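**Q** Got a structure here, written out as C-alpha cells. Questions coming.
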Amino acid sequence: MKLSDSVTKIKGVGSKKQQILESMGIVDVYDLLEHYPFRYQNRIERVPFMDVQEDKDVLIGGSLVNKRLRSIGGGRTMLECSLRDESGVFHAIFFNMPFLDKNLRLGAEYTLFGKMKWRNGAKTVVNPEMALTGSARDVRGIVPLYRRSAGITSNELTKLIRSVCDELDESCEWIGRELIERNKLVEESYAYKNIHFPENAAAYNRSRFRLIYDKLLSFQYSIIRNRMLRDNAYGDSAIDMVDMHSFYEKLPFVLTEGQQIAIKDIEQDLTSPISMNRLVQGDVGCGKTVVAEAAIFRVTRAGWQSAFMAPTEILARQHFNKLSEELGHYGIRVVLLVSGLKAAERRDLIEKIAHGDVDVVIGTHALIQDDVEFKRLGLVITDEQHRFGVNQRKILAGKAEAVNVLVMSATPIPRTLAATVFGDMDFSVIKSKPSNRKEIITRYVTDKSRERAYTEVYKEIKRGYRAYVVAPAIDENDDSDIASVTSLYEELQGRFNDVNLGLIHGRLDRLEKERIMNEFAIGEIELLVSTVVIEVGIDVPEATVIVIENSERFGLAQLHQLRGRVGRSDKQSYCYLICYSDSENAVNRMNAMVTMSDGFEISEEDYRLRGAGDLMGTMQHGYSGNSFYDLFGYERILKLATNDAEEIATASDREDKSTVDISQLKFRSAKAVFQDNSNII
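Numbering of the sequence shown is given in numbering that gives the first Met the number 0, commencing with residue 0 and proceeding in unit increments.
Rendered as C-alpha cells:
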C-alpha cells in the first residue's frame with residue numbers, strides 16, 4: 000500500500016466511510032496517518048487502588064465481590080459493584096447500564112479504566128471502562144485517542160490506523176540512507192507506528208522527531224523552490240508610480256517610523272517587475288491598516304483593483320466602514336462582498352467587479368468563489384494570514400497573473416518560526432505604536448480578588464467608557480471550573496443592574512453579531528460579554544477595560560491579542576487576568592503578561608515556556624502535526640531540515656535517490672501546511 004493511495008484501498012472503508020473521512024480532510028493513506036491522537040491513555044500497568052490519586056485517569060482491577068442493581072427514579076438505574084485487589088476493596092458505579100448486571104460474574108477478575116473519586120467516604124470509579132482481565136477488550140499499553148467526527152468513533156479510527164500501520168514496511172521510506180544516518184533518524188514506518196501506538200516514551204520521542212523533520216523538510220523545500228521561481232520570474236506586475244502626497248496630507252495623524260518603513264518597502268515591491276509577496280507583521284494596535292490603505296490608494300490610482308480578505312465578517316465590515324469612508328473622499332469605489340447577501344445584490348456586485356466598476360473589494364471567504372472575477376486585479380491583501388489555509392490564499396491570488404500579495408498579521412511569531420513558516424515572503428515589521436497610546440495596565444487576579452476587579456470595571460463604565468468580559472466557553476459543560484459566557488452574562492446582569500449588557504459568541508447568526516457589535520461601538524451596550532470571537536482586530540476606541548476569565552486556559556499569544564481590544568485611544572486602559580490555577584506554569588504565564596507589553600517579546604516567552612514540553616505532557620495532550628507550537632524547542636531539527644531542503648532544492652541532479660525521492664517530496668510538500676493552534680494549551 001502506497002501513502003498516496005485512496006483511503007478506499009484500506010480494508011473496511013466503503014463509499015460511506017470514505018465520505019466521512021473526506022469530510023475530516025482525510026483523502027488518502029498519508030492523510031490518515033497524519034491524523035494524530037489528541038491524547039494518550041497510560042494503560043501499561045494496573046495500580047493498587049490505595050495508591051490512586053483522585054481525579055486522575057487510572058488502570059485498576061480486582062475480583063468482583065458484590066454487585067447490586069437498583070432504580071433511582073425517572074426510569075434511571077444504578078449498578079453498584081465492589082471489587083477487591085491486593086490493597087483492599089474499592090467501588091465502581093454504572094449509571095443507566097442495567098445490561099451489565101447480567102454480564103458481570105461474581106468472583107471473576109476485571110480490569111477498569113477511569114477516574115477515581117471519593118463518594119460517600121469511599122474510593123469509587125464512576126462509569127469506567129470495564130473488561131474481563133485477559134480478554135480482547137482488556138487493552139494494555141499506551142492507547143491513542145482520536146477526535147471523533149459524525150459517523151466515526153475514536154475506536155473505529157484506531158482500527159483503521161492500526162491496519163495501515165501493520166502493513167507499513169521499509170518500502171514506504173522516501174529519504175535516502177545518507178540523510179537518515181547523518182541526522183540519526185528512525186525509519187518512517189517505525190515513526191508512524193510509534194506516534195500512534197508508542198512502545199514506550201523513548202520510541203514516541205524519536206518518532207515525533209522524525210515526523211517533524213519530514214514535515215519541515217517538505218515545507219522548507221516548497222518555500223525555497225517558490226522563492227527561487229519567484230526570483231527568476233519577471234512579468235507584468237510593476238505598478239506605475241503615483242503621487243501619494245494627497246493621501247499623506249489628509250491623514251489625521253503622523254505615521255510612525257515603522258509604518259513609514261513598511262510603506263516604503265511596499266512602494267519598492269510594487270515598482271519591481273517581480274510580484275510582491277510581503278508579510279507585514281505588527282504588534283496589536285501598531286497601525287497596520289493604514290499601511291494596507293496606502294498600498295490600496297497607490298494601486299487604485301495606477302488603475303488597478305484591490306481585494307482585501309479578512310478572517311471574520313465582523314472584521315471585514317469594520318475594514319469596509321473605515322476604508323469606504325476614508326478612500327471615498329478620493330473617489331475610490333469600495334464594496335463589501337460577504338456571504339448572506341441577497342442573490343440579486345450579489346449578482347449585481349459580481350458584475351461590477353468583473354467590469355471594473357469597483358476599485359476595492361473587501362470580504363471574507365466569499366471573495367474566493369469561482370464566479371468572482373476581476374477586470375484588473377493588482378493587489379491582494381489578506382488580514383491575519385494564519386487563519387486562512389494556504390489554498391485559500393492561492394485561489395485569491397490566482398484570480399490574476401503576477402498579482403501583488405500583501406499579508407497583514409497582528410500575531411507576532413518568534414523569528415525562527417517566522418523564517419520557517421513564511422520563508423518565501425519578504426518581511427516588514429512594525430514595532431512602534433502611535434505616540435498617543437498609553438501602555439495597558441495589566442493585573443493578575445486570583446479568585447479571591449475577583450470581586451475587586453469587577454468593582455474597578457463598574458467604576459470605568461460609570462466614567463463613560465466601555466468594557467469587555469471574555470470567557471473560554473459558550474455554555475456550562477462537564478468541567479464546572481470553566482466560566483461560560485452565558486453564566487457570566489446572567490451573573491453580571493444581577494451585579495450591574497444599571498449597566499447595559501450585551502452577549503456575543505460564535506453561535507449567533509451574522510445579523511445578530513453585527514447588531515451587537517454596532518450597539519457596543521456606539522455605546523448602547525456598555526459591557527460586552529464575549530467568547531474569543533472578539534480576539535482579532537475589533538476596534539472600539541472607547542473600550543478601556545477587559546476582564547479575561549479563566550486566563551490559565553489561554554496561551555500567551557491569545558491573551559495578548561485579547562488584551563489588544565483595549566488601549567486603542569489616548570485613554571488609560573486596563574486588563575484583568577482572572578486565573579483559577581496556582582500551578583507554576585499558570586503563575587509564570589500570568590506574570591509574563593503583567594510585566595510584558597511587546598507582542599514579539601511575549602511570543603518569545605511563549606516559545607520558552609511552552610518549549611517542546613515535558614515528554615509526558617506531550618503524551619497526555621497528543622501531537623498535532625500542523626501547529627506552529629509543535630515546533631517550539633526544536634531549533635536543531637529546524638536547522639537540519641532547512642539546510643537539507645536548501646541542498647535538495649539547489650541540487651543539479653534532481654533524481655538523486657540517495658538523498659530523497661523527489662516525487663514523494665513534492666507529494667508531501669503539497670500537504671505540508673502549518674496553522675496556528677496557539678490558543679490550545
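Virtual Cβ for every residue (Gly too), placed ideally from N, Cα, C. Source: prediction; values computed, not measured.
What span of residues does the beta strand (DSSP E) with Tyr191 cover, start to end?
**A** Residue mapping note: residue 191 aligns to position 192 of the sequence shown, counting from 1. Careful: Tyr191 lies outside any beta strand (DSSP E), inside the alpha helix (DSSP H) at 187-195.
**Q** Quick check on DSSP: helix, strand or coil for Leu364?
**A** For this step, residue 364 is matched to residue 365 along the sequence shown. Per the sequence shown, residue 364 should be read as His rather than Leu. The answer is helix: DSSP assigns His364 an H, G or I state.
**Q** Answer with buried or exposed for Val64, where buried requires no fewer than 16 other C-beta atoms within 10 angstroms of its C-beta.
**A** Reading the sequence shown from its first residue, position 65 is the one you call residue 64. So Val64 ends up on the exposed side.
**Q** Let me know the secondary structure DSSP gives Met516 once reduced to three states.
**A** Here the question's residue 516 lines up with position 517 in the sequence shown. In this structure, Met516 counts as helix in the three-state DSSP scheme.
**Q** Within this structure, are the beta carbons of Ala190 and Arg176 separated by less than 9 Å?
**A** Here residue 190 refers to the residue found at position 191 of the sequence shown. Here residue 176 refers to the residue found at position 177 of the sequence shown. In this structure, Arg176 does not lie closer than 9 Å to Ala190 by Cβ.
**Q** From the DSSP secondary-structure annotation, give me the bridge partner or partners of Lys432.
**A** Within the sequence shown, the letter at position 433 stands for residue 432. None; Lys432 has no bridge partner.
**Q** Pairing CB atoms from the segment 561-578 with CB atoms from the segment 436-449, are three or more of them under 8 Å?
**A** With the cut-off at 8 Å, the segment 561-578 and the segment 436-449 touch.
**Q** Report yes if the C-beta distance between Ile684 and Val298 is below 9 Å; otherwise report no.
**A** Beyond the ends of the chain as shown, which are 0 and 680, falls residue 684; an answer cannot be given.
**Q** Go ahead and pull the three-state DSSP assignment for Glu490.
**A** What you label residue 490 is simply residue 491 of the sequence shown in a count that begins at 1. Residue state, collapsed to three classes: helix.
**Q** Taking just the CA atoms, how far does Gln40 sit from Lys55?
**A** Counted from its first residue, the sequence shown places residue 55 at position 56. Counted from its first residue, the sequence shown places residue 40 at position 41. Those two C-alpha atoms are separated by around 11 Å.
**Q** Hey, could you find the ends of the beta strand (DSSP E) Asp56 is sitting in?
**A** Indexing the sequence shown from 1 puts residue 56 at position 57. Looking at the DSSP string, the run of the beta strand (DSSP E) that includes Asp56 is 56-72.
**Q** If I measure Cβ to Cβ from Ile380 and keep anything under 6 Å in the same chain, skipping five residues before and after, which residues do I get?
**A** As a first step, residue 380 is located in the sequence shown; it is residue number 381 there, counting from the start. The residues are Ala291, Phe307, Leu405.
**Q** For Tyr443, which three-state DSSP category applies?
**A** Position 444 of the sequence shown, counting from 1, holds the residue named residue 443. Strand at Tyr443.
**Q** Could you check if Val6 belongs to the surroundings of the ligand SAH, using beta carbon to heavy atom distance under 8 Å?
**A** For the ligand SAH, the structure offers nothing, since it holds no ligand at all.
**Q** Nearest-angstrom Cα distance between Asn225 and Ile265?
**A** Taking the first residue of the sequence shown as 1, we reach residue 225 at position 226. Taking the first residue of the sequence shown as 1, we reach residue 265 at position 266. In a straight line, the C-alpha of Asn225 is about 20 Å away from that of Ile265.
**Q** Cα separation between Asp660 and Trp173?
**A** Numbered from 1 along the sequence shown, position 661 holds the residue referred to as residue 660. Numbered from 1 along the sequence shown, position 174 holds the residue referred to as residue 173. Approximately 5 Å, taken between the alpha carbons.
**Q** Can you round the beta-carbon distance between Ala542 and Arg564 to whole angstroms, since I take them to be within the 8 Å contact cut?
**A** Along the sequence shown, one-based indexing puts residue 542 at 543. Along the sequence shown, one-based indexing puts residue 564 at 565. Right, their Cβ atoms sit about 6 Å apart.
**Q** With a threshold of 9 Å between beta carbons, is Leu58 in contact with chain B?
**A** You won't find chain B in this structure, because it holds only one protein chain.
**Q** Return the CA-CA distance between Ser626 and Ser22, expressed in angstroms with no decimal places.
**A** Working through the sequence shown from its first residue, we reach residue 626 at position 627. Working through the sequence shown from its first residue, we reach residue 22 at position 23. Note that Ser626 has pLDDT 49, beneath the 50 cutoff, so the model's placement of it is unreliable and the number below is only indicative. So the alpha carbons of these two residues sit roughly 20 Å apart.
**Q** Using DSSP's beta-bridge definition, name the partner residues of Val142.
**A** In the sequence shown, residue 142 corresponds to position 143, counting from 1. In DSSP, Val142 forms a bridge with Gln40.
**Q** Near Pro97, what residues of its chain come up, given a Cβ to Cβ distance below 8 Å and the 5 sequence neighbours on each side ignored?
**A** Within the sequence shown, residue 97 is the residue found at index 98, counting from 1. The residues are Leu68, Thr76, Leu78.
**Q** Do His504 and Ile473 have their C-beta atoms within less than 9 Å of each other?
**A** Looking up residue 504 in the sequence shown gives position 505. Looking up residue 473 in the sequence shown gives position 474. Yes, Cβ-Cβ distance for His504 and Ile473 is below 9 Å.
**Q** Determine the contact status of Arg567 and Val539, defining contact as a CB-CB distance below 9 Å.
**A** If you number the sequence shown from 1, residue 567 lands on position 568. If you number the sequence shown from 1, residue 539 lands on position 540. A contact, by the Cβ cut-off of 9 Å.
**Q** Tell me which same chain residues have a C-beta within less than 6 Å of the C-beta of Arg300, skipping the five on either side of it?
**A** For the purposes of this step, residue 300 is identified with residue 301 of the sequence shown, where counting begins at 1. The residues are Val241.
**Q** By DSSP, does Ile577 sit in helix, in strand, or in coil?
**A** Numbered from its first residue, the sequence shown carries residue 577 at position 578. DSSP places Ile577 in strand when its eight states are reduced to three.
**Q** Which stretch, first to last residue, makes up the beta strand (DSSP E) that contains Leu103?
**A** Residue mapping note: residue 103 aligns to position 104 of the sequence shown, counting from 1. Unbroken run through Leu103: none, as it is neither H nor E.
**Q** Does DSSP put Leu405 in a helix, a strand or coil?
**A** Position 406 of the sequence shown, counted from the start, is the residue given in the question as residue 405. Leu405 falls in the strand class under three-state DSSP.
**Q** Under a three-way DSSP split, which group does Cys80 fall into?
**A** Looking up residue 80 in the sequence shown gives position 81. Correct three-state label for Cys80: strand.
**Q** I need the straight-line Cα distance from Glu163 to Ile43, nearest angstrom please.
**A** Your numbering for residue 163 matches position 164 in the sequence shown. Your numbering for residue 43 matches position 44 in the sequence shown. A small fix is needed here, since residue 163 is Val in this sequence, not Glu. Cα-Cα distance, rounded: 23 Å.
**Q** Are the CB atoms of Leu664 and Tyr212 nearer to each other than 9 Å?
**A** As a working mapping, residue 664 is identified with position 665 in the sequence shown. As a working mapping, residue 212 is identified with position 213 in the sequence shown. Contact: no.
**Q** Helix or strand or just coil, what does DSSP make of Glu695?
**A** The structure shown has nothing for residue 695, since the chain only spans 0 to 680.
**Q** Kindly indicate which three-state DSSP category Asn584 falls into: helix, strand or coil?
**A** Sequence index remark: in the sequence shown, residue 584 carries index 585 (1-based). The answer is helix: DSSP assigns Asn584 an H, G or I state.
**Q** Give me whichever residues DSSP pairs with Gln17 in a beta bridge.
**A** On the sequence shown, position 18 is the one that residue 17 refers to. Answer by DSSP bridge pairing: none, since Gln17 is not bridged.
**Q** Per DSSP, what kind of secondary structure is Met615 in: helix, strand or coil?
**A** As a position in the sequence shown, residue 615 is number 616, starting the count at 1. Here Met615 scores only 33 on pLDDT, less than 50, and its place in the model is too uncertain to base an answer on.
**Q** In three-state terms, what does DSSP make of Ser529?
**A** Here residue 529 corresponds to residue number 530 of the sequence shown, with the count starting at 1. It is a strand residue.
**Q** For Glu450, which residues in the same chain have their Cβ closer than 7 Å to its Cβ, ignoring the five residues on either side in sequence?
**A** By one-based count along the sequence shown, residue 450 stands at place 451. Around Glu450: no qualifying Cβ.
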